[in-house]
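Just so it is clear: in the sequence shown, position 200 is 509 by my numbering, and no numbers are missing. The C-beta atom is built at its ideal place from N, Cα and C for all residues, glycine as well. Structure record follows, encoded as structure tokens.
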Amino acid sequence: MSDPSWQYHEPDHPGADFDAMAEIYDRNMQKYRDVQAEIDEILEYLALRPDQSILEIGTGTGEFAIAAARRCRKVYAVDLSAGMLRYAEKKAAARSASNVQFLPGGFLTYRHEGEPLDGIVSQIALHHLPDFWKQIALLRMAEMLNDGGKLCLRDVVFSFDPAEHERFLNDFISKAGEKAGSNFASSISDHVKKEYSTMDWIMQGLIERAGFRIKQAKKSHGFFALYLCEKR
């Protein structure tokens, strides 16, 4: 079934050539994120059982999907980048994670054909969509979940005072460069300029209007947020 002509076209990760950088992506992420701690935090909330199945949208190199596969029956791992999926499949095979199914697709294009899911995870990906299409994506996720199913959403979400945006962003980008290098600082600058990250109060409304109850919202550095949610 073809997508409607009016549907937003999900770009293949604007602002970065993820196909080209797949093999160095993990190493770059470790410069400024504690990826293992982030994985453990989400797995603790999901509390997966061996009979459950989950979906990760924007799986990247599959690091979370492979870790989750050790705890549940099946992981559907979706990404727009063919390069990322190829790399993730090799990584999963090397780690004997045979219950991960890697699939092409995005928030608006993935069509789940299996049983309703017990959980959905998305990390640092929803900002690729404008706010209206974020809402549609969240509604689609709710439709895929069992009643009481869990959503874990981590993304760049602004919680700083907009009146102080110039001072905040200059300071944040400067400190990012000191910690992770000038290339990373440039990527943060490009993100603010080109991507669709939104304010925390808007994100909260989008999540709740999609039929989720936010169990916990964890904000950090005025720039990131993790929402641990449950389908009502």
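Are residue i and residue j touching if we call contact CB-CB under 9 angstroms?
i	j	result
Ala-378	Val-409	yes
Arg-395	Ile-433	no
Lys-524	Asp-509	no
Val-387	Gly-414	yes
Arg-522	Lys-540	yes
Please determine, among the options, the residue with the shortest C-alpha to C-alpha distance to residue i.
i	options	result
Thr-368	Phe-467, Asp-499, Leu-435	Leu-435
Tyr-536	Ile-351, Ser-405, His-318	Ile-351
Thr-418	Ser-314, Lys-528, His-530	Ser-314
Asp-456	Asp-499, Pro-425, Ala-401	Pro-425
Met-393	Cys-381, Ala-374, Ser-407	Ala-374
Trp-442	Leu-357, Ser-506, Gly-531	Ser-506
Lys-400	Thr-370, Asp-427, Tyr-385	Thr-370
Met-450	Glu-487, Ser-431, Val-465, Ala-472	Ser-431
Ile-366	His-421, Ala-472, Phe-493, Gly-458	His-421
Have a look at the DSSP bridge pairing and note the partners of residue i.
i	result
Arg-522	Glu-539
Glu-365	Ala-386, Val-430
Ala-534	Asp-464, Lys-528
Pro-413	Asp-388
Met-508	Phe-467
Leu-454	Leu-426
Given residue i, which residues of its chain have a CB within under 7 angstroms of its CB, disregarding the five upstream and five downstream residues?
i	result
Ser-498	Ile-482
His-474	none
Arg-382	Pro-359, Asp-360, Gln-361, Ser-362, Asn-408
Identify, in the order they occur along the chain, each residue of the same chain with its Cβ nearer than 6 angstroms to the Cβ of residue i, setting aside the five sequence neighbours on each side.
i	result
Ile-348	Phe-373, Ala-376
Phe-477	Phe-469
Ala-526	Tyr-536
Ala-406	Ile-375, Ala-378
Met-453	His-421, Leu-426
Just confirm the distance between the C-beta atoms of residue i and residue j, as a whole number of angstroms; I'd bet it's less than 8 angstroms.
i	j	result
Phe-467	Ala-446	Between Ala-446 and Phe-467 the Cβ distance is about 19 angstroms, and since that is not below 8 angstroms, they are no contact.
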